[in-house]
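Trainee: Quick note, the sequences are listed as chains F and B, same order. Quick note: the first sequence uses our numbering, first residue -9, plus one each step. Quick note: the second sequence uses our numbering, first residue -9, plus one each step. We treat Cβ as the ideally placed atom computed from N, Cα and C, and that holds for glycine.
Protein chains: 2
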Amino acid sequence: MSVKILIVDDHPLVLEGLKSLLADCEGILVAGTASNAIEAIAFLKTNEVDIAFLDISLPDISGIELCKKIKEQFPSVKTLALSTFNERSYVSRMIQNGASGYLIKSSGKEEILEAIRQVQAGGYFMNVNFDQASSPAPSKTIPFLTRREKEVLLLIAEGLTNPQIAEQLFVSVTTVNTHRQNLLMKFEVSNTASLIKLAAGLGLI
Amino acid sequence: MSVKILIVDDHPLVLEGLKSLLADCEGILVAGTASNAIEAIAFLKTNEVDIAFLDISLPDISGIELCKKIKEQFPSVKTLALSTFNERSYVSRMIQNGASGYLIKSSGKEEILEAIRQVQAGGYFMNVNFDQASSPAPSKTIPFLTRREKEVLLLIAEGLTNPQIAEQLFVSVTTVNTHRQNLLMKFEVSNTASLIKLAAGLGLI
DNA sequence: AGAAATATCCTCTAAAAGCATGATTTTTCA
DNA sequence: TGAAAAATCATGCTTTTAGAGGATATTTCT
């Protein structure tokens, strides 16, 4: 019995690459592919799948959200995050949402096969070569942000000043400022530049 | 006579994808692949290549720089930029550096073949479906930054204040401030938050 | 119902950033 | 070698941020 795999990625090249990489491996069957979350969910409703490879950046909803949905609706499907070296920081979120591991897209064939084996056996898989040709940052986890903090962060990123944000959100400037201070605290930075850089790196804005 | 192609990308998946996509096309031969700029240059020194597909984000130097180098050392090699939807803004730089066009990685097989045909015929190729499932921003071009401005931008992104940057660069605070103002002007923004967000989106930091 | 988390508001101070205007020196390159 | 571009510095002013300290509603969840 082959391991049935669903690949979800919006880049045909990645789909093709993974498919061709897995095609000639015995015991592995690429059951289908999807280029967005809707397609992925639809496919899972009508097909049996063992492992789903989820790209983290999808056109409709993020792979993180998709992972959550899949785990809710199809708990038996194991998920593997597919991330580029830029998106590693997402990975912890994925794991929190039930993913069985992640692969960076620069993984070689052996790593991919190893990941499938591990996950199919009920284990976890993570690329270990963390800080090679990529961000030297210790890949921080995303701080937990409240609804309001996210809103404020977004508006800051859009270039609004505190007074403008206050107007937008119908609150006082001091409130906005408090949220701002909390953001700086949670991200452990001391100014807007660092805040936005980090948030951008984490894909939050 | 087949069109000889070199693919330069640090993601094995993309390499595989392109290779398998082009493998069964007559008149096209994937002469080789490289996962970084050094390998690419080395390959070109010893092999004949018609078209080089260049990923924009490479581990050593950017595809943009690589494009320039290739054009200098191997003027007969035509280059095609490979970009993800996030990196479109780089494209104009590529073109300025002599690229014959660009492909977004979400291109389908037909588009890729069409691109090869066009470029081989001495023409240019650009994906036209610009603003579909991607950034709603009008995909700005990267403003031309001077050496010093890039340095300052980087230090700002690292969270340094003007006085700290001045100390780092052994110049006065007013100088740093001037560079900062110029950055804001060139990016057409009015504060650090927007600046960093834009710069991060363009992959500059 | 009650604790905990979240959101809201306040004052005050100092530091930093943003904006305008102008000028000199150094590099770069045609 | 000259013109253009880049880098340097200055002054003065306004707005915004950063930081500290505290306070009161409002949700949320057990």
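Let me check one thing: in DSSP terms, what residues is B:Phe177 bridge-paired to?
Mentor: Start at 1 with the first residue of the second sequence, and residue 177 of chain B comes out as number 187. Partner(s): none; B:Phe177 has no beta bridge.
Trainee: Decide if B:Thr136 is buried, meaning its Cβ has at least 16 other Cβ atoms within 10 Å, or exposed.
Mentor: Here residue 136 of chain B corresponds to residue number 146 of the second sequence, with the count starting at 1. B:Thr136 is exposed by the Cβ-count criterion.
Trainee: Between the C-alpha atoms of B:Glu16 and B:Val(-7), what's the straight-line distance to the nearest angstrom?
Mentor: Position 26 of the second sequence holds residue 16 of chain B. Position 3 of the second sequence holds residue -7 of chain B. If I take the Cα positions, the gap works out to 9 Å.
Trainee: Does F:Glu16 get closer than 9 Å to chain B when you measure Cβ to Cβ?
Mentor: Here residue 16 of chain F refers to the residue found at position 26 of the first sequence. Answer no: the Cβ-Cβ gap between F:Glu16 and chain B never drops below 9 Å.
Trainee: Please confirm whether B:Leu3 has its beta-carbon closer than 9 Å to some beta-carbon of chain F.
Mentor: Within the second sequence, numbered from 1, the residue matching residue 3 of chain B stands at position 13. At least one chain F Cβ lies under 9 Å of B:Leu3.
Trainee: For F:Leu150, which option in B:Glu29, B:Lys187, B:Ser73 and B:Leu8 has the closest C-alpha, if you only look at C-alpha atoms?
Mentor: Within the first sequence, numbered from 1, the residue matching residue 150 of chain F stands at position 160. That would be B:Lys187, whose Cα lies nearest to the Cα of F:Leu150.
Trainee: Tell me which residues share the same chain as B:Ala105 and place their Cβ nearer than 7 Å to its Cβ, disregarding the 5 neighbours each side in the sequence.
Mentor: Here residue 105 of chain B is taken as the residue at index 115 of the second sequence, counted from 1. So the list reads Leu70, Gly91, Leu93 and Phe115, once near-sequence residues are dropped.
Trainee: Do B:Ile31 and B:Val109 have their CB atoms nearer than 9 Å?
Mentor: Within the second sequence, numbered from 1, the residue matching residue 31 of chain B stands at position 41. Within the second sequence, numbered from 1, the residue matching residue 109 of chain B stands at position 119. For B:Ile31 and B:Val109, no; Cβs fall outside 9 Å.
Trainee: Select from the segment 6 to 39 of chain B all residues with a C-beta closer than 9 Å to any C-beta belonging to chain F, and list them in chain order.
Mentor: Listed by position, the residues of the segment 6 to 39 of chain B near chain F (Cβ gap below 9 Å) are Glu6, Gly7, Leu8, Lys9, Ser10, Leu11, Ala13, Ser25 and Asn26.
Trainee: With a threshold of 9 Å between beta carbons, is B:Asn181 in contact with chain F?
Mentor: By one-based count along the second sequence, residue 181 of chain B stands at place 191. Cβ-Cβ to chain F under 9 Å: yes for B:Asn181.
Trainee: According to DSSP, is F:Ala21 part of a helix, a strand, or is it coil?
Mentor: If you number the first sequence from 1, residue 21 of chain F lands on position 31. Strand.
Trainee: Look at F:Val(-2) and F:Asn37 and say whether their C-beta atoms are less than 9 Å apart.
Mentor: Counting from one through the first sequence, the residue named residue -2 of chain F turns up at place 8. Counting from one through the first sequence, the residue named residue 37 of chain F turns up at place 47. In this structure, F:Asn37 does not lie closer than 9 Å to F:Val(-2) by Cβ.
Trainee: Which of the three DSSP states, helix, strand or coil, is assigned to B:Ile(-3)?
Mentor: Start at 1 with the first residue of the second sequence, and residue -3 of chain B comes out as number 7. It is a strand residue.
Trainee: Chain B partners of F:Lys187, CB-CB under 7 Å?
Mentor: For this step, residue 187 of chain F is matched to residue 197 along the first sequence. Per Cβ cutoff of 7 Å: Ala147, Ile186, Ala190 and Ile195.
Trainee: Can you give the beta carbon distance from F:Ile46 to F:Ser73, rounded, assuming they're within the 8 Å contact cut?
Mentor: Locating residue 46 of chain F in the first sequence gives position 56, counting from the first residue. Locating residue 73 of chain F in the first sequence gives position 83, counting from the first residue. About 5 Å separates the two Cβ atoms, so the contact holds.
Trainee: Count the other CB atoms, across all protein chains shown, that sit within 10 Å of the CB of B:Glu6; report buried if there are 16 or more and exposed otherwise.
Mentor: Taking the second sequence and counting its residues from 1, the one referred to as residue 6 of chain B is at position 16. By the neighbour-count rule (16 or more Cβ atoms within 10 Å), B:Glu6 is buried.
Trainee: Just the chain F side, please: which residues come within less than 8 Å of B:Thr151 by C-beta, in chain order?
Mentor: Within the second sequence, numbered from 1, the residue matching residue 151 of chain B stands at position 161. The contacting residues are Asn181.
Trainee: Under three-state DSSP, which class holds F:Leu5?
Mentor: If you number the first sequence from 1, residue 5 of chain F lands on position 15. Three-state DSSP puts F:Leu5 in a helix.
Trainee: Could you check where the beta strand (DSSP E) with B:Phe43 kicks off and where it finishes?
Mentor: By 1-based counting over the second sequence, the position of residue 43 of chain B is 53. Per DSSP, B:Phe43 belongs to the beta strand (DSSP E) from Ile41 to Asp45.
Trainee: Check whether the Cβ atoms of B:Ser184 and F:Ala147 lie closer than 9 Å to each other.
Mentor: If you number the second sequence from 1, residue 184 of chain B lands on position 194. If you number the first sequence from 1, residue 147 of chain F lands on position 157. In this structure, F:Ala147 lies closer than 9 Å to B:Ser184 by Cβ.
Trainee: Return the CA-CA distance between F:Pro133 and F:Leu192, expressed in angstroms with no decimal places.
Mentor: Here residue 133 of chain F refers to the residue found at position 143 when the first sequence is read from its first residue. Here residue 192 of chain F refers to the residue found at position 202 when the first sequence is read from its first residue. When rounded, the distance between both Cα atoms is 10 Å.
Trainee: What are the residues that DSSP puts in a beta bridge with F:Ser90?
Mentor: Here residue 90 of chain F refers to the residue found at position 100 when the first sequence is read from its first residue. In DSSP, F:Ser90 forms no bridge with anything.
Trainee: How about B:Val20 and B:Leu12: are their beta carbons less than 9 Å apart?
Mentor: Within the second sequence, residue 20 of chain B is the residue found at index 30, counting from 1. Within the second sequence, residue 12 of chain B is the residue found at index 22, counting from 1. It is a contact, given that the beta carbons lie within the stated cut-off.
Trainee: Hey, out of F:Gln158, F:Lys140, F:Leu194 and F:Ala190, whose CA is closest to F:Asn172's CA?
Mentor: For this step, residue 172 of chain F is matched to residue 182 along the first sequence. Looking at the Cα atoms, F:Lys140 is the closest of the given residues.
Trainee: In this structure, how does DSSP classify F:Leu70 when only helix, strand and coil are distinguished?
Mentor: Position 80 of the first sequence, counting from 1, holds the residue named residue 70 of chain F. Looking at F:Leu70 - three-state DSSP - the assignment turns out to be strand.
Trainee: For B:Thr164, does the count of other Cβ atoms within 10 angstroms reach 16, so buried, or fall short, so exposed?
Mentor: The count along the second sequence starts at 1 and reaches residue 164 of chain B at position 174. Per the 10 Å Cβ criterion, exposed.
Trainee: Taking 9 Å as the threshold (beta carbon to beta carbon), is F:Lys176 in contact with chain B?
Mentor: As a first step, residue 176 of chain F must be located in the first sequence, where it is residue number 186. Judged by the 9 Å Cβ criterion, F:Lys176 is not in contact with chain B.
Trainee: How big is the Cα-Cα spacing for B:Glu247 and B:Leu145?
Mentor: Missing from the structure shown is residue 247 of chain B; chain B here goes from -9 to 195 and no further.
Trainee: Could you check what DSSP says for B:Gln122 in three-state terms: helix, strand or coil?
Mentor: In the second sequence, residue 122 of chain B corresponds to position 132, counting from 1. With a pLDDT of only 31 at B:Gln122, under the threshold of 50, the placement of this residue in the model should not be trusted; the figure read from the coordinates follows. Of the three classes helix, strand and coil, the one that applies to B:Gln122 here is coil, per DSSP.
Trainee: Less than 9 Å between the C-beta atoms of B:Lys99 and F:Pro2, yes or no?
Mentor: Along the second sequence, read from residue 1 onward, the residue named residue 99 of chain B stands at position 109. Along the first sequence, read from residue 1 onward, the residue named residue 2 of chain F stands at position 12. Going by C-beta atoms, B:Lys99 is nearer than 9 Å to F:Pro2.
Trainee: With a 10 Å radius around its C-beta and 16 neighbouring C-beta atoms as the bar for buried, classify B:Phe160 as buried or exposed.
Mentor: Here residue 160 of chain B refers to the residue found at position 170 of the second sequence. It counts as exposed.
Trainee: CB-CB under 7 Å to B:Ala89, same chain, minus the five flanking residues each way: which ones, in chain order?
Mentor: Counted from its first residue, the second sequence places residue 89 of chain B at position 99. Excluding residues within five positions, the ones whose Cβ falls inside 7 Å are Cys57, Thr69, Leu70 and Ala71.
Trainee: Hey, B:Ala190 and F:Ala190 are a contact pair by Cβ (cut 8 Å); roughly how many whole angstroms apart?
Mentor: Translated into positions along the second sequence, residue 190 of chain B becomes position 200. Translated into positions along the first sequence, residue 190 of chain F becomes position 200. Yes, they are in contact, since the Cβ atoms of B:Ala190 and F:Ala190 sit about 4 Å apart, within 8 Å.
Trainee: In terms of residues, what are the limits of the alpha helix (DSSP H) holding F:Ala30?
Mentor: For the purposes of this step, residue 30 of chain F is taken as residue 40 along the first sequence, with counting starting at 1. Here the alpha helix (DSSP H) through F:Ala30 covers Ala27 to Thr36.
Trainee: Please classify B:Asp14 as buried or exposed, where buried requires at least 16 neighbouring CB atoms within 10 angstroms.
Mentor: Taking the first residue of the second sequence as position 1, residue 14 of chain B is located at position 24. B:Asp14 should be labelled exposed.
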